[in-house]
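Residue numbers (full-length UniProt numbering): 1 to 72.
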């Protein structure tokens, strides 16, 4: 999984602080980590541990990267 700007290696709490819209993308795929109070998991791990199909993981990756392209 390759997220633009190295975002996959960023803690979910930091991702949410900088790009709140990514939380909406994750929520659409029932990834509820957005409200986690610990928030130290890396974005790439948050996506991979939720049992999504490979197609769903690819869709999340594409949506996030498209969002980043349109907001940078």
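Just so you know, even glycine gets a beta-carbon here, dropped at the ideal spot from N, CA and C. Keep in mind that this is a model prediction, so the values were computed, not measured.
Asked                                                                                        : Found
Beta-carbon proximity check, residue 61 vs residue 16, cutoff 8 Å                            : no
Distance, residue 31 Cα to residue 21 Cα                                                     : 14 Å
Residue burial classification, residue 49 (beta-carbon count within 10 angstroms, cutoff 16) : exposed
Limits of the unbroken alpha helix (DSSP H) element including residue 1                      : Segment: none, residue 1 is in no alpha helix (DSSP H) and carries neither H nor E.
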